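**Q** Numbering (this note's numbering), first residue to last: 7 to 110.
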Amino acid sequence: MRVALHTRLRPGAEAEYLKAHQGVPAELLAAIRAAGATEWTIWRSGLDLFHLVECADYDLLLGSLADLPVNIAWQARMADLLDVVHDYSPDGGAAGLPIAWQLP
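1) Helix, strand or coil: which one does DSSP assign to residue 8?
2) Take residue 16 and list the residues in its own chain whose beta-carbon comes closer than 7 Å to its own, dropping the five residues that flank it on each side.
3) Going by DSSP, name the residue or residues bridged to residue 49.
4) Can you list, in chain order, the residues of its chain whose CB lies under 6 Å from that of residue 60, leaving out five sequence neighbours each side?
5) Compute the Euclidean distance between the alpha carbons of residue 70 and residue 52, then round it to the nearest angstrom.
6) Please work out which residues of its chain come closer than 8 Å, Cβ to Cβ, to residue 91, disregarding the five sequence neighbours upstream and downstream, and give them in chain order.
7) Buried or exposed: which applies to residue 78, given that a residue is buried once 16 or more other Cβ atoms fall within 10 Å of its Cβ?
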């Protein structure tokens, strides 16, 4: 399945956000893959971030990562940089962007 997400940077956090993503912890990358993600791409337009996650089951992915210490630490770091954060709560699976159009 593919899930599109929207998060938003705090003004002035652009450079720090990009720098942080140059060094995502290997343990976190392994956990994301182990949770079923096969692809995760983030695009930035100004302060807006658009994520495309490809995984078998997004709710399972969120549940697998939610309580991992490495993910908790990463999300705390990201929370300092973001106005709109990625939702790892039990309701987070519903946070995906609805499809407005798709090439037939």
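All residues carry an ideal CB built from backbone N, CA and C; glycine is no exception. Note that the structure is predicted; figures quoted are calculated from it, not measured.
**A** Short version:
1) Here residue 8 is taken as the residue at index 2 of the sequence shown, counted from 1. Strand.
2) Translated into positions along the sequence shown, residue 16 becomes position 10. Answer for residue 16: 87, 88 and 89, listed in chain order.
3) As a first step, residue 49 is located in the sequence shown; it is residue number 43 there, counting from the start. DSSP lists 56 as partners of residue 49.
4) Taking the sequence shown and counting its residues from 1, the one referred to as residue 60 is at position 54. The beta carbon of residue 60 lies closer than 6 Å to those of 8, 44 and 45 in the same chain, with the five residues before and after it left out.
5) Position 64 of the sequence shown, counted from the first residue, corresponds to residue 70. Position 46 of the sequence shown, counted from the first residue, corresponds to residue 52. Rounded to the nearest angstrom, the two C-alpha atoms are 31 Å apart.
6) If you number the sequence shown from 1, residue 91 lands on position 85. Within its own chain, the residues whose Cβ lies closer than 8 Å to the Cβ of residue 91, once the five positions on either side in sequence are excluded, are 13, 81, 84 and 85, listed in chain order.
7) Here residue 78 is taken as the residue at index 72 of the sequence shown, counted from 1. Exposed, because fewer than 16 other Cβ atoms sit within 10 Å of the Cβ of residue 78.
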